[in-house]
């Protein structure tokens, strides 16, 4: 076993040779590991982001003229289809209908919309404006829902909107992030 | 005398030891067996030092990931939806919508009945005031830092979109434009 040998203990003095009690130390460490494992939190919780586009504080200078960008409006009004509408300001550029085909997943009654996710991915590939990793801005998706739509359906649609991914340079590293920022339509 | 208990070995008088098992006794077959007898030795040292190093590494890792505050406070009445394209949780004020009640970090902050009765998007004044106070308190505590404006909404899967949008808008007006929805992580 581990020990400290200083070769002392002669001349009637107490021996300076000592054995370190490793077995109790190992027992202590094993108890500590067991306790920490039992109390560890293995959380499955996550978050899905949405940005509120609220006006900032008023400034004295007149606001800069901003270039109107294309925005993807996802309308989930009605039970049979989604409507993807590209708008530039108030001008409608393009409208695409997608069948509403919910695919159940898991046992909790969760649903997904893989067809919608695929279509949104195709649309972003064709029309997305912010693609470069160095581009700090994101394309905007505006979600229009009925007032009575359950929250689980809203999350399923936001999840589909977040399916296209792009590179984003952050702190010298490039990572994959959702291509769109999602916000809600007020009306 | 025979009824007396025998003395323990510490109390026995010192006497000349009797015969003991010594080298002279030919147990060479045992010695040979232990030494391997031409084969691999059966004597083994357990490598304790690497084992202790390994345990110390595990302890360090578990201590680093240890959360003294425990699990994230998810209300038992709230059944969260699951999603695939998610981000890791962040530390932020938690707004829970349970039934008709709105809670901010577990404390009541209004209810949703007024929104449902009006059937239109509207600001929840009580929630607005609680969040605004929290923001001002954060700014007083951290005067040199920029306010992150992040709030996490914990919403039951059956809650209507109208209520979600009203709470979302209230949070935004109270100075929390970065709203996140708490969801379960769905495997890809």
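Protein chains in written order, with the working numbering: chain S, 1 to 187; chain D, 1001 to 1188. Each residue gets a CB set at the ideal place from its N, CA and C atoms; glycine is no exception. Since we're looking at a predicted model, the values are computed, not measured.
Original post:
Listed from N- to C-terminal order along the chain, which residues in the stretch 1154–1167 of chain D have their beta-carbon within a distance smaller than 8 Å of any beta-carbon of chain S?
Top reply: Within the stretch 1154–1167 of chain D, the qualifying residues are 1155, 1156, 1157, 1158, 1159, 1160, 1161, 1162, 1164 and 1165.
Original post:
Do we get a CB-CB distance below 9 Å when we pair residue 1104/D with the residues of chain S?
Top reply: Among the residues facing chain S, residue 1104/D is not included, as its CB has no counterpart in that chain under 9 Å away.
Original post:
Does residue 98/S get closer than 9 Å to chain D when you measure Cβ to Cβ?
Top reply: Not closer than 9 Å to any Cβ of chain D, the Cβ of residue 98/S fails to qualify, so no.
**OP:** Look up residue 140/S in the DSSP assignment and give the residues it is bridged to.
**Re:** Residue 140/S is bridged to 181/S.
Original post:
Does any C-beta atom of chain S lie closer than 9 Å to the C-beta of residue 1131/D?
Top reply: Under the Cβ criterion of 9 Å, residue 1131/D is not counted among the residues facing chain S.
**OP:** Below 6 Å CB to CB, which residues in the same chain sit around residue 1121/D once its five sequence neighbours on both sides are set aside?
**Re:** Cβ within range, chain order: 1165 and 1166.
Original post:
Would a check of beta-carbon distances place residue 50/S closer than 9 Å to chain D?
Top reply: For residue 50/S, the answer is yes, since a Cβ of chain D falls inside 9 Å of its Cβ.
**OP:** From the DSSP output, read off the bridge partner residues of residue 1088/D.
**Re:** According to DSSP, residue 1088/D shares a beta bridge with no other residue.
**OP:** Find out if the Cβ-Cβ distance for the pair residue 161/S, residue 22/S is shorter than 9 Å.
**Re:** 9 Å or more divides the Cβ of residue 161/S from the Cβ of residue 22/S.
**OP:** State yes or no: is the C-beta of residue 89/S nearer than 8 Å to some heavy atom of the ligand MN?
**Re:** With respect to the ligand MN, the structure offers nothing, as it holds no ligand at all.
Original post:
Taking 9 Å as the CB-CB cut-off, is residue 1111/D touching chain S?
Top reply: No, residue 1111/D does not count as interfacial toward chain S.
**OP:** Starting from the C-beta of residue 157/S, find all residues in its chain whose C-beta is less than 6 Å away, skip the five residues before and the five after it, and write them out in chain order.
**Re:** A distance below 6 Å between beta-carbons, with the five flanking residues on each side excluded, links residue 157/S to the following residues of its chain, in chain order: 76.
Original post:
How close, in whole Å, do the beta carbons of residue 180/S and residue 122/S come, if the pair is a contact with beta carbons under 8 Å?
Top reply: At roughly 13 Å, the Cβ-Cβ gap does not stay under 8 Å, so residue 180/S and residue 122/S are not in contact.
Original post:
Which bits of chain S does residue 1016/D rub up against, with CB to CB less than 9 Å?
Top reply: Within chain S, no residue comes near residue 1016/D; the closest Cβ sits about 26 Å away, beyond 9 Å.
Subject >> Limits of the unbroken beta strand (DSSP E) element including residue 1107/D >> reply: According to the DSSP assignment, residue 1107/D belongs to the beta strand (DSSP E) that extends over 1107–1111.
Subject >> Own chain, CB closer than 8 Å to residue 1123/D, minus 5 neighbours either side, in chain order >> reply: Cβ within range, chain order: 1166, 1169, 1170 and 1173.
Subject >> Any chain S beta carbon closer than 9 Å to residue 1135/D >> reply: Residue 1135/D has a beta carbon lying at 9 Å or more from every beta carbon in chain S.
Subject >> Chain-order list of residues whose beta-carbon lies under 7 Å from that of residue 204/S (same chain, five-residue window excluded) >> reply: Given that chain S is displayed from residue 1 to residue 187, the structure contains no residue 204/S and the question cannot be resolved.
**OP:** Using the Cα positions of residue 1099/D and residue 159/S, report the straight-line distance between them to the nearest angstrom.
**Re:** Whole-angstrom Cα-Cα distance: 24 Å.
**OP:** Have a look at the DSSP bridge pairing and note the partners of residue 91/S.
**Re:** Paired residues: 88/S.
Subject >> Pick from 1052/D, 1081/D, 1180/D and 1028/D that is closest to residue 112/S, judged by C-alpha positions >> reply: Minimum Cα-Cα distance from residue 112/S among the listed residues 1052/D, 1081/D, 1180/D and 1028/D corresponds to 1081/D.
Subject >> Chain-ordered chain D contacts of residue 133/S [CB-CB under 8 Å] >> reply: What residue 133/S touches in chain D: nothing, since even the nearest Cβ is about 18 Å away.
Subject >> residue 1039/D - DSSP class collapsed to helix/strand/coil >> reply: Note: residue 1039/D maps to coil in three-state DSSP.
Original post:
Secondary structure at residue 1007/D, three-state DSSP: helix, strand or coil?
Top reply: Three-state DSSP puts residue 1007/D in coil, outside helix and strand.
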